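Numbering (our numbering), first residue to last: 1 to 369.
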């Protein structure tokens with residue numbers, strides 16, 4: 001019997017990854033504690049997380065001073081600092097990686113967000129990050145823009161494990177899986193061991209509700225208001241249905257029989273934005289075998305404290321999820337417009353955070369001279 005909700009979540013087939021990383025977490029042993037006490041088996045990072053860590057972290061002062069002494073420019077300094085953190089976290093998670101045969105114990109690092117519409121630049125950045133981190137349990141995050149699809153395919157084809165991020169729509173998710181399968185086929189043709197390639201597809205949840213709920217409030221009818229806070233979960237459940245369907249296809253089955261791994265769905269943006277909602281909503285309502293839920297620490301602690309895990313809450317709910325999306329269209333919410341907007345905003349937000357990170361490091365390098 002599970003002794004904690006996070007243990008129950010793990011037993012239900014959900015891998016808990018922490019959506020945060022900082023050198024202070026590493027230095028204090030906090031990451032090791034979360035593995036032992038909160039069932040955390042991986043970490044995701046993004047430009048916003050690193051910007052926050054650098055802005056608030058005296059732990060980076062010594063390295064920044066050394067980099068300034070070497071005459072490092074801002075881009076070099078950011079590359080060195082972030083990859084050092086990811087290397088250290090990957091080493092902390094290496095026992096988890098080994099015990100799970102590579103499925104967990106993963107640490108993700110993202111290509112620069114200003115490359116989101118530059119396929120060749122993204123591929124080059126992914127290869128550079130992979131080589132520098134030099135850990136088998138790393139994952140390179142690539143956004144699921146139209147241009148990102150080509151980069152995902154070619155990066156997978158090179159034998160690099162990829163965390164596909166910023167997925168909002170079911171159509172784009174289908175294209176992401178297609179890019180993964182095509183990359184695996186190219187890797188197989190090149191003689192690469194498919195079992196060494198892992199991938200997750202990060203499907204964002206709460207941001208969908210935030211945007212759609214705003215539109216439902218503007219519509220204002222009883223029928224519209226009754227749909228609030230239902231879209232994100234419905235969208236994710238239908239994504240899992242798509243995952244099940246595609247990975248049961250003849251094409252995917254042939255690759256799996258050749259040693260390939262499924263590209264696991266990952267629920268991202270799982271902290272609630274609306275304080276009126278249960279703080280574990282995007283955890284307890286998205287329990288299914290083989291998924292990852294990457295949580296901010298606040299959501300992780302809420303789940304550990306009072307999450308009610310009752311088993312699979314996804315696979316029996318596809319029909320209801322479809323009805324939610326149909327009802328949204330019926331009251332005038334344009335799903336395609338919402339998801340396209342969220343993708344654009346997601347890229348833009350990460351670029352803002354990236355520029356903040358560059359400015360923080362630039363100021364620190366100047367001060368250290």
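Glycine is no exception: its CB is placed at the ideal position from the N, C-alpha and C atoms.
Just so we're clear, the structure is a prediction, and the values are computed from it rather than from any experiment.
When DSSP labels each residue in this structure, what does residue i get in the three-state scheme?
{"i": "residue 268", "result": "strand"}
{"i": "residue 227", "result": "coil"}
{"i": "residue 69", "result": "helix"}
{"i": "residue 77", "result": "helix"}
{"i": "residue 56", "result": "helix"}
{"i": "residue 6", "result": "helix"}
{"i": "residue 42", "result": "strand"}
{"i": "residue 164", "result": "strand"}
{"i": "residue 16", "result": "strand"}
{"i": "residue 247", "result": "coil"}
{"i": "residue 275", "result": "coil"}
{"i": "residue 293", "result": "strand"}
{"i": "residue 192", "result": "coil"}
{"i": "residue 144", "result": "coil"}
{"i": "residue 206", "result": "helix"}
{"i": "residue 200", "result": "strand"}
{"i": "residue 260", "result": "coil"}
{"i": "residue 364", "result": "helix"}
{"i": "residue 158", "result": "coil"}
{"i": "residue 239", "result": "helix"}
{"i": "residue 288", "result": "coil"}
Between the C-alpha atoms of residue i and residue j, what's the straight-line distance to the nearest angstrom?
{"i": "residue 157", "j": "residue 127", "result": "11 Å"}
{"i": "residue 274", "j": "residue 192", "result": "46 Å"}
{"i": "residue 116", "j": "residue 204", "result": "17 Å"}
{"i": "residue 187", "j": "residue 251", "result": "15 Å"}
{"i": "residue 60", "j": "residue 254", "result": "47 Å"}
{"i": "residue 336", "j": "residue 169", "result": "7 Å"}
{"i": "residue 26", "j": "residue 361", "result": "20 Å"}
{"i": "residue 100", "j": "residue 107", "result": "14 Å"}
{"i": "residue 98", "j": "residue 189", "result": "27 Å"}
{"i": "residue 359", "j": "residue 164", "result": "27 Å"}
{"i": "residue 235", "j": "residue 242", "result": "11 Å"}
{"i": "residue 237", "j": "residue 211", "result": "18 Å"}
{"i": "residue 136", "j": "residue 260", "result": "16 Å"}
{"i": "residue 239", "j": "residue 96", "result": "27 Å"}
{"i": "residue 283", "j": "residue 222", "result": "27 Å"}
{"i": "residue 105", "j": "residue 130", "result": "16 Å"}
{"i": "residue 147", "j": "residue 346", "result": "15 Å"}
{"i": "residue 167", "j": "residue 340", "result": "10 Å"}
{"i": "residue 47", "j": "residue 197", "result": "24 Å"}
{"i": "residue 342", "j": "residue 249", "result": "30 Å"}
{"i": "residue 185", "j": "residue 323", "result": "36 Å"}
{"i": "residue 36", "j": "residue 296", "result": "17 Å"}
Quick check: residue i and residue j, are their CB atoms within less than 7 Å of each other?
{"i": "residue 113", "j": "residue 354", "result": "yes"}
{"i": "residue 270", "j": "residue 299", "result": "yes"}
{"i": "residue 109", "j": "residue 45", "result": "yes"}
{"i": "residue 206", "j": "residue 232", "result": "yes"}
{"i": "residue 277", "j": "residue 229", "result": "yes"}
{"i": "residue 246", "j": "residue 177", "result": "yes"}
{"i": "residue 327", "j": "residue 227", "result": "yes"}
{"i": "residue 50", "j": "residue 357", "result": "yes"}
{"i": "residue 57", "j": "residue 87", "result": "no"}
{"i": "residue 67", "j": "residue 77", "result": "yes"}
{"i": "residue 281", "j": "residue 202", "result": "no"}
{"i": "residue 82", "j": "residue 133", "result": "no"}
{"i": "residue 294", "j": "residue 268", "result": "yes"}
Excluding the five sequence neighbours on either side, which residues of its own chain have a C-beta within less than 7 Å of the C-beta of residue i, listed in chain order?
{"i": "residue 10", "result": "16 and 39"}
{"i": "residue 162", "result": "139, 140, 142, 152, 155, 156 and 199"}
{"i": "residue 34", "result": "18 and 40"}
{"i": "residue 89", "result": "21, 26, 31, 43 and 107"}
{"i": "residue 317", "result": "237"}
{"i": "residue 121", "result": "115"}
Considering only residues of the same chain and omitting the five flanking positions on each side of residue i, which have a CB-CB separation below 6 Å?
{"i": "residue 149", "result": "175 and 179"}
{"i": "residue 64", "result": "364 and 368"}
{"i": "residue 290", "result": "13 and 264"}
{"i": "residue 224", "result": "216 and 331"}
{"i": "residue 53", "result": "22"}
{"i": "residue 262", "result": "247"}
{"i": "residue 208", "result": "231, 232 and 235"}
Going along the chain, which residues of its own chain have a beta-carbon closer than 8 Å to the beta-carbon of residue i, five neighbours each way excluded?
{"i": "residue 32", "result": "92"}
{"i": "residue 72", "result": "80 and 365"}
{"i": "residue 305", "result": "5"}
{"i": "residue 349", "result": "48"}
As an exercise, report each continuous alpha helix (DSSP H) stretch of at least 4 residues that is fully enclosed by the region 298-356, in chain order.
318-330
Which residue spans inside the region 72-128 form an unbroken beta strand (DSSP E) run of at least 3?
106-110, all fully within the region 72-128.
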